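Report on the structure given below.
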Amino acid sequence: MTRRHRDLSTRDDLIAWLRGLLPDPYAYPATSGSTYDEDVRRFEWVARPLWAVFSLLASGEYDEELVEPYVRRVKDGLDPEGPLAFPEPTLPRRQIIVEMEVFGYGLLVCPEGLLSRLTPAERDRLVTWLNLANGVDLPWGGWFCSRALVNAGLAAAGLPYDAERLALDLRSIESMYAGDGWYENGRPFQRDHYIGLSFHFVLLLLRRFAPEACPLPDEEARAAAFERDYVSWFDQQGRSVPFGRGIFYRFGHGCFWAAEALTGMHSLDLGEVKRLLMQHLRWWHAHLVPTSGPLAPGYGYPNLSLVENYCSPASPARALRSLVVLALPASDEFWSIAEREPVREPVRAEPGPGVLAVSGPHHSYLLSATQFGGPTVSGGMSRYGKLCYSSAFGWNISRDVCGLSYFAVDSCLALSIAGLDQYVSRDRVDMGEVREGFAHTLWRYASIAQVETWLIPVNESTHVRIHHVESSSSLDVCEGAFPLFGWNPKEDVPEEERDGAVLLSRVSEAGRLWRSGIVDARACDDTLERSVEEAGLADIMHGVLWSDRDADVVLQDPNTNIYSCERSAVPVLRARITAGTTWLACVVCGEPGYPAK
5 MTRRHRDLST RDDLIAWLRG LLPDPYAYPA TSGSTYDEDV RRFEWVARPL WAVFSLLASG
65 EYDEELVEPY VRRVKDGLDP EGPLAFPEPT LPRRQIIVEM EVFGYGLLVC PEGLLSRLTP
125 AERDRLVTWL NLANGVDLPW GGWFCSRALV NAGLAAAGLP YDAERLALDL RSIESMYAGD
185 GWYENGRPFQ RDHYIGLSFH FVLLLLRRFA PEACPLPDEE ARAAAFERDY VSWFDQQGRS
245 VPFGRGIFYR FGHGCFWAAE ALTGMHSLDL GEVKRLLMQH LRWWHAHLVP TSGPLAPGYG
305 YPNLSLVENY CSPASPARAL RSLVVLALPA SDEFWSIAER EPVREPVRAE PGPGVLAVSG
365 PHHSYLLSAT QFGGPTVSGG MSRYGKLCYS SAFGWNISRD VCGLSYFAVD SCLALSIAGL
425 DQYVSRDRVD MGEVREGFAH TLWRYASIAQ VETWLIPVNE STHVRIHHVE SSSSLDVCEG
485 AFPLFGWNPK EDVPEEERDG AVLLSRVSEA GRLWRSGIVD ARACDDTLER SVEEAGLADI
545 MHGVLWSDRD ADVVLQDPNT NIYSCERSAV PVLRARITAG TTWLACVVCG EPGYPAK
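If you want the numbering used here, it's the position in the sequence shown, counting the first as 1, plus 4.
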């Protein structure tokens, strides 16, 4: 949904937008739950907007009426005997430490602006309360960045902190470094937007504002390596590729670019960094669906079924990390420099996250080879297990595993024991690699089948998929192309439907043409053969007999696509295969927002 809006181009524009995004810090909406207690959620409601509030304080250029309610609420929270006291972190309530990190940020960038507003008793309570984080065990992953920021902020402000704990946490973070600018966030390893959002965002701040306590000599080079990959995760329209956990942070994905701008640590030109951040913010400014609250759980629209179990009504406000650029005063070069579109490689092999990133004028997409969600990630087959992730089409999440209408069949190969009608897609990867010409992944359907998949990029609109299936049982297989949201069989007809191929199209409200299609091996032109040859896979595929599949359209439920609440249609290829060896191949087409003519 798009609404008319003023173009975001100046600091004043961002502040005007921020006014509508900041919630009342005293009015927590208890509309949904999460895996942590309500008092923690209430604290989260107060803490997350402070990324923007403290940034305004750091700049020295702000309206007092904008920041005053939050300063007042912080003071209330630092009264340990008061009814609005901030909760204390413990092992069961360690989420509090993630929310504490914004106070570390405040002490880094605006120590005087923050501390001067507190009484001596409130300052003492702030120090005591923040140091409670040092006695809590943390799970492996980005949590350590949060506590490091807390201690670094205390250190930079000359306040008591735990130097030993800070050193240990920095060593733990160092042990998570996986190379090529990427860190591992949790187990099984996950390398998604959290690497920019949690790791590099914090480490850039530490390197810039707390160099004595946190020297981090390798961070600039690592951030530059990450930057070279991450630029392909944002398309020219400003959308990020929605891959992995935490997509409900929406424009929070841009906070890496904001941190680069704030710290001055970037290998791209500043105009390119500005373009990546501002275009991202502009896209979300235009597409946020108005709700009863500033930022509701969901993505393209409010939808609890799309978010993880740790997402509360307060969680999406982490997006405001992308507004740390407001710490830069109006006189800073960032606000006057001209934006410049960065150069993106048409196809980029990214071994760190295990993807081939494909970029063009209309969208970016990732062919994913190595990652999976594991049993602890809700909706893991959708968040990590799909074969392709597009910045324009998004993806669907399953309502059920029974029946293709309820299972998110888009951008995946779905398998079911023949006749059972209960589907799974890739939910665990045994081996994966990316090379210059293809992505290669080995996965399985429990003990029933092993699947070897090759993904070959052709161009912005086309990629090839090949599957070698070894199965001990007959299987029903269904392979989906991109979801085409808003396609209605009562009003629309397939643009093309023939033996082994189906192509759907629709014209958007903006008059742009969207297409999604899939073509089986037997119906292909020379695209399949040529792509196999160019990828260097001709010897592997030599003499292979492709199994035939029938083309069809699967209608998916409303409220399952991340971008649109409307029903979506997925072009698919279906077949029943026998036990033994089966080879499948197809060409997938996705054209988002092309000129309708």
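Glycine included, each C-beta is placed from N, C-alpha and C at the ideal position.
Everything numeric in this text was worked out from a predicted model, so none of it was measured.
Local Cβ density within 10 Å of residue i, reported as buried at 16 or more and exposed below that
{"i": "HIS9", "result": "The pLDDT assigned to HIS9 is 43, lower than 50, so where the model puts this residue is not dependable, and the model offers no usable value."}
{"i": "LYS494", "result": "exposed"}
{"i": "HIS270", "result": "buried"}
{"i": "ALA485", "result": "buried"}
{"i": "ASN492", "result": "exposed"}
{"i": "VAL497", "result": "exposed"}
{"i": "TRP133", "result": "buried"}
{"i": "LEU95", "result": "exposed"}
{"i": "VAL511", "result": "exposed"}
{"i": "ALA160", "result": "buried"}
{"i": "TYR427", "result": "buried"}
{"i": "ASN563", "result": "buried"}
{"i": "GLY24", "result": "exposed"}
{"i": "GLU440", "result": "exposed"}
{"i": "TYR567", "result": "buried"}
Candidates the options: closest to residue i by CA position
{"i": "ARG502", "options": "ALA527, ALA514, ARG510, LEU517", "result": "ALA527"}
{"i": "GLY190", "options": "LEU18, ILE452, VAL381", "result": "VAL381"}
{"i": "HIS197", "options": "GLU437, ARG77, PHE255, TYR181", "result": "PHE255"}
{"i": "ARG519", "options": "VAL113, GLN560, HIS366, SER535", "result": "HIS366"}
{"i": "ARG279", "options": "MET545, GLU343, VAL102, ALA51", "result": "GLU343"}
{"i": "SER451", "options": "GLY24, ARG510, ASP434, THR123", "result": "ASP434"}
{"i": "SER326", "options": "ARG430, PRO33, CYS259", "result": "CYS259"}
{"i": "VAL438", "options": "ASN463, THR374, SER179, LEU285", "result": "THR374"}
{"i": "ALA361", "options": "PHE338, ALA334, LEU391, GLY384", "result": "LEU391"}
{"i": "ALA137", "options": "CYS149, ALA160, GLU276", "result": "CYS149"}
{"i": "SER394", "options": "TYR187, ASN135, ASP239, PHE47", "result": "ASP239"}
{"i": "GLU538", "options": "ARG352, THR564, VAL462", "result": "VAL462"}
{"i": "PHE411", "options": "SER179, VAL576, PHE338, ARG98", "result": "VAL576"}
{"i": "SER316", "options": "ALA262, ALA31, ARG46", "result": "ARG46"}
Between the CA atoms of residue j and residue i - distance to the nearest angstrom
{"i": "TRP147", "j": "LEU209", "result": "16 Å"}
{"i": "VAL235", "j": "SER372", "result": "17 Å"}
{"i": "GLY594", "j": "SER368", "result": "11 Å"}
{"i": "VAL57", "j": "LEU541", "result": "54 Å"}
{"i": "SER465", "j": "SER244", "result": "17 Å"}
{"i": "ARG348", "j": "PRO73", "result": "43 Å"}
{"i": "THR6", "j": "ALA443", "result": "The pLDDT assigned to THR6 is 41, lower than 50, so where the model puts this residue is not dependable; a value taken from the coordinates is nonetheless given after this. Going by the C-alpha atoms only, they are around 35 Å apart."}
{"i": "ALA525", "j": "MET545", "result": "13 Å"}
{"i": "GLU224", "j": "THR586", "result": "48 Å"}
{"i": "GLY145", "j": "TYR303", "result": "24 Å"}
{"i": "ARG121", "j": "VAL75", "result": "8 Å"}
{"i": "VAL206", "j": "LEU153", "result": "7 Å"}
{"i": "ASP480", "j": "VAL557", "result": "16 Å"}
{"i": "VAL329", "j": "VAL591", "result": "43 Å"}
{"i": "LEU241", "j": "LEU112", "result": "According to the sequence as given, residue 241 is Gln; it is not Leu. Looking at the two C-alpha atoms, the distance is approximately 33 Å."}
{"i": "VAL523", "j": "ARG77", "result": "58 Å"}
{"i": "GLU345", "j": "TRP287", "result": "15 Å"}
{"i": "GLU116", "j": "TYR66", "result": "15 Å"}
{"i": "LEU174", "j": "TYR181", "result": "11 Å"}
{"i": "MET282", "j": "LEU12", "result": "7 Å"}
{"i": "THR457", "j": "GLY521", "result": "19 Å"}
{"i": "GLY64", "j": "PRO333", "result": "7 Å"}
Element boundaries [alpha helix (DSSP H), containing residue i]
{"i": "PRO143", "result": "Segment: none, PRO143 is in no alpha helix (DSSP H) and carries neither H nor E."}
{"i": "ARG387", "result": "384-387"}
Run of the beta strand (DSSP E) containing residue i, from where it starts to where it stops
{"i": "ALA361", "result": "359-363"}
{"i": "TRP518", "result": "516-524"}
{"i": "PRO221", "result": "Premise fails: PRO221 is in no beta strand (DSSP E) and is neither H nor E."}
{"i": "ARG469", "result": "466-475"}
{"i": "LEU541", "result": "Run containing LEU541: none; DSSP gives neither H nor E here."}
{"i": "TYR567", "result": "Per DSSP, TYR567 belongs to no beta strand (DSSP E) and is neither H nor E."}
{"i": "CYS593", "result": "584-599"}
{"i": "VAL381", "result": "Per DSSP, VAL381 belongs to no beta strand (DSSP E) and is neither H nor E."}
{"i": "GLU495", "result": "Run containing GLU495: none; DSSP gives neither H nor E here."}
{"i": "PRO575", "result": "572-581"}
Residue i beta carbon near the ligand FMN (any heavy atom closer than 7 Å)
{"i": "ALA137", "result": "Ligands are entirely absent from the displayed structure, and the ligand FMN is therefore not among its contents."}
- Could I get the ranges of all uninterrupted alpha helix (DSSP H) runs contained in the region 320-346, with 4 residues as the minimum, in chain order? Here the runs fully enclosed are 337-340.
- Message: Threshold first: 4 residues or longer. Then list the alpha helix (DSSP H) segments lying entirely within the region 154-211, N to C.
- Response: Within the region 154-211, the complete alpha helix (DSSP H) runs of at least 4 residues are 167-179.
- Message: Ignoring anything shorter than 4 residues, give me the alpha helix (DSSP H) runs that lie fully in the region 238-292, in order along the chain.
- Response: Counting only runs of 4 or more, we get 259-267, 274-291.
- Ranges of the alpha helix (DSSP H) found wholly within the region 85-143, counting only runs of at least 4: Annotation note: the region 85-143 contains the following uninterrupted alpha helix (DSSP H) runs of length 4 or greater, listed N- to C-terminal: 99-113, 115-119, 124-135.
- Continuous beta strand (DSSP E) assignments of at least 3 residues falling wholly in the region 401-459: Runs of the beta strand (DSSP E) inside the region 401-459: 417-421, 433-438, 443-449.
- Message: So within the region 18-97, which uninterrupted beta strand (DSSP E) runs reach at least 3 residues, ignoring any that extend past its ends?
- Response: Whole beta strand (DSSP E) segments, 3+ residues: zero.
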